[in-house]
Amino acid sequence: MTDGVTDGVTGGARRARVVLVDDHRMFRAGVQAEIGRTEETGVEVVGEAGDVDQAVAAIKAARPDVVLLDVHLPGGGGVEVLRRSAELISAPERPVRFLALSVSDAAEDVIGVIRGGARGYVTKTITGPDLVGAIFRVADGDAVFSPRLAGFVLDAFASSDATPVDEDLDRLTQREREVLRLIARGYAYKEVGKELFISVKTVESHVSAVLRKLQLSNRHELTRWATARRLV
Numbered sequence: 113m114t115d116g117v118t119d120g121v122t123g124g125a126r127r128a129r130v131v132l133v134d135d136h137r138m139f140r141a142g143v144q145a146e147i148g149r150t151e152e153t154g155v156e157v158v159g160e161a162g163d164v165d166q167a168v169a170a171i172k173a174a175r176p177d178v179v180l181l182d183v184h185l186p187g188g189g190g191v192e193v194l195r196r197s198a199e200l201i202s203a204p205e206r207p208v209r210f211l212a213l214s215v216s217d218a219a220e221d222v223i224g225v226i227r228g229g230a231r232g233y234v235t236k237t238i239t240g241p242d243l244v245g246a247i248f249r250v251a252d253g254d255a256v257f258s259p260r261l262a263g264f265v266l267d268a269f270a271s272s273d274a275t276p277v278d279e280d281l282d283r284l285t286q287r288e289r290e291v292l293r294l295i296a297r298g299y300a301y302k303e304v305g306k307e308l309f310i311s312v313k314t315v316e317s318h319v320s321a322v323l324r325k326l327q328l329s330n331r332h333e334l335t336r337w338a339t340a341r342r343l344v
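Numbering (my numbering), first residue to last: 113 to 344.
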């Protein structure tokens, strides 16, 4: 299972209706330009969204074949979109399939969205033709992963007695996890606020809550903690 997932789809025979969910408008525009030439690719972008609420509304309205879903979104992240789309995912007829498309290759992100119901996970380094191939494979019910990410999933589900949840991480809210990840990557508080559309004061409050819940003293310990769990 690789990013090289082209299936020879060309304009004409098949169509896949897609909703594109990503909080960066320019990225959405780029993906639209790359894969949305329906006569060439067979992909029709029928909706797009930049946060969780918009995503859920667009998915319910369009009922697409596939949702390209970013992991980190304002309003709760990709996992929240999956949770609120559970009925569509499990629908006996025309289920909506989800393919995560993210810059993140953190194990926690990959496992989280797969447990949430996504059929695959590829990183934003994927090429346009390979992304088109991945869309059609997911629409057919196949699982598609970038090579290294497939290993995370296999490790997580290898044994029935594997611990399903990191108890320390599970103490944190979704927003606290998002702040933790960015702080651990070296973002300044102002940069975190800009990325998540929250104030610096709110960032500070989230960091304080994370440190308290994880019994850590400073952001350096937080970074080591996150790195040890492959969250960065």
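Glycine included, C-beta positions come from ideal geometry on N, C-alpha and C.
Computed from a predicted structure; not experimentally measured.
Within this structure, are the beta carbons of residue i and residue j separated by less than 8 Å?
| i | j | result |
| --- | --- | --- |
| V133 | V193 | yes |
| S366 | L323 | Because the chain here runs from 113 to 344, residue 366 falls outside it and cannot be looked at. |
| A255 | G229 | no |
| D177 | R137 | no |
| L261 | L213 | no |
| L281 | R287 | no |
| T335 | A296 | yes |
| R341 | E199 | no |
| A169 | R129 | no |
| F248 | R149 | no |
| K313 | L284 | no |
So what does DSSP say about residue i, is it helix, strand or coil?
| i | result |
| --- | --- |
| E303 | helix |
| S358 | Outside the displayed range of the chain (113 to 344) lies residue 358, so it cannot be described from this structure. |
| V178 | strand |
| V131 | strand |
| L343 | coil |
| V215 | coil |
| D273 | Bear in mind that the predicted position of D273 carries a pLDDT of just 47, short of 50, making it unreliable; the figure below should be weighed with that in mind. Of the three classes helix, strand and coil, the one that applies to D273 here is coil, per DSSP. |
| R249 | helix |
| F139 | helix |
| R209 | strand |
| T239 | coil |
| H332 | helix |
| L194 | helix |
| A338 | helix |
| V291 | helix |
Would you report the Cα separation of residue i and residue j, rounded to the nearest angstrom?
| i | j | result |
| --- | --- | --- |
| V315 | E152 | 44 Å |
| E160 | V131 | 5 Å |
| V157 | V215 | 21 Å |
| R195 | T339 | 27 Å |
| A251 | S320 | 42 Å |
| V291 | K172 | 29 Å |
| E307 | A218 | 18 Å |
| S311 | R331 | 18 Å |
| T275 | R293 | Interpretation of T275 is limited by its pLDDT of 44, a score under 50 that renders its predicted location unreliable; the figure taken from the coordinates is listed afterwards. So the two alpha carbons sit approximately 21 Å from each other. |
| G253 | A141 | 26 Å |
| G245 | Q327 | 45 Å |
| E146 | E333 | 41 Å |
| F309 | V143 | 23 Å |
| S272 | V222 | Note that S272 has pLDDT 44, beneath the 50 cutoff, so the model's placement of it is unreliable and the number below is only indicative. In a straight line, the C-alpha of S272 is about 18 Å away from that of V222. |
| T237 | L211 | 15 Å |
| G263 | F257 | 9 Å |
| G298 | H184 | 17 Å |
Got a sec, what are the start and stop residues for the beta strand (DSSP E) residue i sits in?
| i | result |
| --- | --- |
| A161 | 155-161 |
| V234 | 232-235 |
By the DSSP assignment, the alpha helix (DSSP H) with residue i in it spans what residues?
| i | result |
| --- | --- |
| S317 | 312-326 |
| R126 | Careful: R126 lies outside any alpha helix (DSSP H) and carries neither H nor E. |
Under 8 Å: do the segment 185-198 and the segment 150-164 share three or more Cβ pairs, one atom per stretch?
yes
If you pair each beta-carbon of the segment 238-247 with each one of the segment 219-226, do three or more pairs fall below 8 Å?
no
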